[in-house]
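Some notes on the structure that comes next.
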Amino acid sequence: MPSIDGARLTTFEDSEKESEYGYVRKPLSVELGPGILGNIFDGIQRPLKTIAKRSGDVYIPRGVSVPALEKDTLWEFQPKKLGEGDLLTGGDLYASVFENSLMQHHVALPPDAMGKITYIAPPGQYSLKDTVLELEFQGVKKQFTMLQTWPVRTPRPVASKLAADTPLLTGQRVLDALFPSVLGGTCAIPGAFGCGKTVISQALSKYSNSDTVVYVGCGERGNEMAEVLMDFPQLTMTLPDGREESVMKRTTLVANTSNMPVAAREASIYTGITIAEYFRDMGYNVSMMADSTSRWAEALREISGRLAEMPADSGYPAYLAARLASFYERAGKVKCLGGPERTGSVTIVGAVSPPGGDFSDPVTSATLSIVQVFWGLDKKLAQRKHFPSVNWLISYSKYSTALESFYEQYDPDFINIRTKAREVLQREDDLNEIVQLVGKDALAETDKITLETAKLLREDYLAQNAFTPYDKFCPFYKSVWMMRNIIHFYNLANQAVERGAGMGGQKITYSLIKHRLGDLFYRLVSQKFEDPAEGEEALVAKFTKLNEALTMGFCNLEDETR
Numbered sequence: 001m002p003s004i005d006g007a008r009l010t011t012f013e014d015s016e017k018e019s020e021y022g023y024v025r026k027p028l029s030v031e032l033g034p035g036i037l038g039n040i041f042d043g044i045q046r047p048l049k050t051i052a053k054r055s056g057d058v059y060i061p062r063g064v065s066v067p068a069l070e071k072d073t074l075w076e077f078q079p080k081k082l083g084e085g086d087l088l089t090g091g092d093l094y095a096s097v098f099e100n101s102l103m104q105h106h107v108a109l110p111p112d113a114m115g116k117i118t119y120i121a122p123p124g125q126y127s128l129k130d131t132v133l134e135l136e137f138q139g140v141k142k143q144f145t146m147l148q149t150w151p152v153r154t155p156r157p158v159a160s161k162l163a164a165d166t167p168l169l170t171g172q173r174v175l176d177a178l179f180p181s182v183l184g185g186t187c188a189i190p191g192a193f194g195c196g197k198t199v200i201s202q203a204l205s206k207y208s209n210s211d212t213v214v215y216v217g218c219g220e221r222g223n224e225m226a227e228v229l230m231d232f233p234q235l236t237m238t239l240p241d242g243r244e245e246s247v248m249k250r251t252t253l254v255a256n257t258s259n260m261p262v263a264a265r266e267a268s269i270y271t272g273i274t275i276a277e278y279f280r281d282m283g284y285n286v287s288m289m290a291d292s293t294s295r296w297a298e299a300l301r302e303i304s305g306r307l308a309e310m311p312a313d314s315g316y317p318a319y320l321a322a323r324l325a326s327f328y329e330r331a332g333k334v335k336c337l338g339g340p341e342r343t344g345s346v347t348i349v350g351a352v353s354p355p356g357g358d359f360s361d362p363v364t365s366a367t368l369s370i371v372q373v374f375w376g377l378d379k380k381l382a383q384r385k386h387f388p389s390v391n392w393l394i395s396y397s398k399y400s401t402a403l404e405s406f407y408e409q410y411d412p413d414f415i416n417i418r419t420k421a422r423e424v425l426q427r428e429d430d431l432n433e434i435v436q437l438v439g440k441d442a443l444a445e446t447d448k449i450t451l452e453t454a455k456l457l458r459e460d461y462l463a464q465n466a467f468t469p470y471d472k473f474c475p476f477y478k479s480v481w482m483m484r485n486i487i488h489f490y491n492l493a494n495q496a497v498e499r500g501a502g503m504g505g506q507k508i509t510y511s512l513i514k515h516r517l518g519d520l521f522y523r524l525v526s527q528k529f530e531d532p533a534e535g536e537e538a539l540v541a542k543f544t545k546l547n548e549a550l551t552m553g554f555c556n557l558e559d560e561t562r
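Encoded structure:
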C-alpha cells in the first residue's frame, strides 16, 4: 500500500510502479440517480458498457476514468405538488422520473439536507447536470440535481426498522414451501463447486417477487457474468395488466470477476448494497444477490496480508465476522426517511463457496451465525442430478413463525401440510438405514407408504427443472396444491391400511393400493407438468379435481375389499 505522510491509501489497481498520488478528499462513494437500472458496473461503479465502447477493448484499460452515470442523457422530470416556501427534509420525495416502462424512479432529497424551497424545476426534460431544486437553510442556499453521491461503507439512514412479515417468493418449491425467507431477510447459500449456487441466485433474480434486483458477481468466473448478460435481456416477466417486460429493466449488475483487481472486489459488495439501499429508500422491495461472499472474504484476506495484519483462522483477518455482520445488518424492512410515509426492504442472499464443500470453513460458520435462512446445498444431491440441490435435512429458516399470519390468511391448512411433509422426509431418513439392513419388504405397510410418499416429495416436488417452461418457475398456489395432494394421498393410504378390511375381506396393503390406484398415482407424479401459463383458475380446478378423485378412489377401494 502506498502512503503519503503516514496516511494509508486504498488503490484499486496495481501500485508497484512509481507514480504520483493525490488526495481523494472523500471515501469511495457511488453515484445514485436515474440510469442505474439496466446498467452493468464494475466493483467501483465504472460503467463497463461505456468503457467497452470508448476503448474498443475486451479488458478495462489501465487508469481509465469514466463517470458512473451518463450526465448528458435527458430524463422526463415530474415534480410533486410543491411550491416555493414549502419545507423539505432529508429523504422527502420531491419528484419522479420515468426511467423505463417497468420502474418509476423517485427523486429524494439527500438524507443530510433540509430547508425551504426557493426554486423547483417545472415538468420537462433535464440532465443529471441541471439544477432541479434549490433550498435555503439558515440563510444559505444550496442547489440540487437529480444525482446524489453516497459513501459505500456508510449505511443509508432510515426512520425505523420494522418486523418483516411478507414472504420472498422465489418460484423454487423447496425454498417457498419448506424454507421460506421474507422480504427484508438474510439468506445464505453455501455449497461446493457445481452444486447450483449460481442457478439459484439467478432464479431469484429472474422470478422473485422483488421490485428491483441488484446482482453482484463478486470474484466469480467471467463466463458466469457473461451468461447473466446473455440470459437476462432475453427474459421477460408478465405484469398484472398482461404486458411482457424485460427483466433487465428492474436489474442492476455489479460485475467484479476473478481477473479484476482485488481491492475493487472487496468494494463491490458495498457498492451493490448501497445501490440496493437507494432503491429501498424510494419504497421498493429490493433483492441483492452476492455471488460469492467467499471470494469477497478472500479479497479481505489478501488485503489484510498486504497490510501485515495478524491473521486468524485459515489466514482470514480477525475482523472477518464483524465485517460480514456489518454487511448483512444492512438488510431489513424499514420505514423510510422523509415523506410521504412508505416502507421498503432489502433482502440479501449471499452465496458461499467453502473449499471442498466444508461447512466448517471460517466464512461459512461466520455467515451461519448471522443469517436467518440457511439453504444448504448437497454435493451428493447434485451428483444425482437432483436440482435445486438443497438438502432438506440440514437447511432451516427462522422466519417460519413470522410468516404464520400470512399463511393463515392465504391457506389455513398449509402450515399443517408442510409440517406433515417435513415429518415424512425425516422419517424416510430414519428408515433408510433399516431398509439397507433388512430390505423394504420387511417394513410395516405404513412405513412402505411413508417411503413412497417421501419419494414423491423428493423426485416430483422438491426437484425442479430450471430449463423447462412449465417448471422453471412455480407460483406459490401451485406449490401449495401439489403438496396438499401428495399429503392427502399419504393420509388416505395410511387410513386405508390401518382400517384394514371387513370380516373375510381382502387385507389392504400398499402394493394393492399401488396396483388399484395406479392412474391416480401417475396423476400425482404428473402435477409438476402443469404449466402456470394456463392461469391460476385453470390449474386450481385441475388440482381440486385430482384431490376429489383421490378421496373417491380410496372410498371405492375400501368398498371393493369389504
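In terms of full-length UniProt numbering, the sequence shown opens at residue 1 and continues consecutively.
Virtual Cβ for every residue (Gly too), placed ideally from N, Cα, C.
Everything numeric in this text was worked out from a predicted model, so none of it was measured.
Coil, strand or helix - VAL199 by DSSP
helix
How do the region 398–408 and the region 152–168 stand: do at least 3 beta-carbon pairs fall below 8 Å, yes or no?
yes
Could you please give the first and the last residue of the uninterrupted beta strand (DSSP E) stretch that includes TRP150?
148–151
Beta-carbon spacing of SER268, VAL216 below 8 Å
yes
Taking C-alpha atoms, which residue in GLN138, ASP430, ASP176, LEU517 lies nearest to ILE200?
ASP176
Quick one: residues in its chain with C-beta nearer than 8 Å to the C-beta of GLY315, no 5 flanking neighbours on either side, listed in chain order?
ARG301, GLY305
Taking only three categories from DSSP, how would you classify ILE120?
strand
Pick helix, strand or coil for TYR316, following the three-state DSSP scheme.
coil
Could I get the ranges of all uninterrupted alpha helix (DSSP H) runs contained in the region 522–556, with 4 residues as the minimum, in chain order?
none
Which term fits CYS218, buried or exposed, when burial requires 16 or more other beta carbons within 10 angstroms of its beta carbon?
buried
Would ALA351 be called buried (16 or more neighbouring beta carbons within 10 Å of its own) or exposed?
buried
Which one of LEU82, THR251, GLN172 has the shortest CA to CA distance from LEU135?
LEU82
So what's THR561 in DSSP terms, helix, strand or just coil?
helix
I'd like the ranges of any beta strand (DSSP E) spanning at least 3 consecutive residues and lying wholly in the region 35–100.
75–79, 87–89, 93–98
Could you round the C-beta distance between LYS206 and LEU235 to whole angstroms and report it? I think they count as a contact, below 8 Å.
6 Å
If you draw a straight line from the alpha carbon of ALA466 to that of TYR328, how long is it in whole angstroms?
28 Å
Throw me the rounded Cβ distance for the ARG156 and TYR278 pair, which I believe falls under 8 Å.
7 Å
Any idea what DSSP makes of THR468, helix, strand or coil?
coil
Buried or exposed by the 16-neighbour rule on C-beta atoms within 10 Å, applied to ASN259
exposed
Pick from SER479, GLU341, PRO475: whose alpha carbon is nearest that of ASP460?
SER479
According to the Cβ coordinates, are ASP441 and ASN256 closer than 8 Å?
no
Please confirm if the region 332–346 is in contact with the region 88–95, defined as three or more CB-CB distances below 8 Å between the two stretches.
yes
Under three-state DSSP, which class holds MET310?
coil
Can you tell me whether PRO354 is buried or exposed? The criterion is at least 16 other CB atoms within 10 Å of its CB, across all chains shown.
buried
In the DSSP assignment, find the unbroken alpha helix (DSSP H) run with MET482 in it and report its ends.
476–499
Give me the DSSP bridge partner(s) of ALA351.
ILE189, ASP291
Please classify CYS195 as buried or exposed, where buried requires at least 16 neighbouring CB atoms within 10 angstroms.
buried
Are the region 133–150 and the region 431–441 touching by the rule of at least three beta carbon pairs closer than 8 Å?
no
With DSSP as the reference, label MET114 as helix, strand or coil.
strand
In or out: MET225 buried (at least 16 other Cβ within 10 Å) or exposed?
buried
Could you check if THR252 is buried or exposed, using at least 16 other CB atoms within 10 Å of its CB as the buried criterion?
buried
With H, G and I counted as helix, E and B as strand and the rest as coil, what does DSSP make of TYR284?
coil
Go through its chain and collect everything with a Cβ distance to GLN527's Cβ below 6 Å, but skip five positions before and after it.
MET482
For the alpha helix (DSSP H) that HIS515 lies in, which residues bound it at each end?
510–516
For a test of the three-state rule: what should DSSP assign to residue 596, helix, strand or coil?
Lying outside 1 to 562, the shown extent of the chain, residue 596 is not represented and no answer is given.
Grouping DSSP H, G and I as helix and E and B as strand, with all else coil, what is PHE137?
strand
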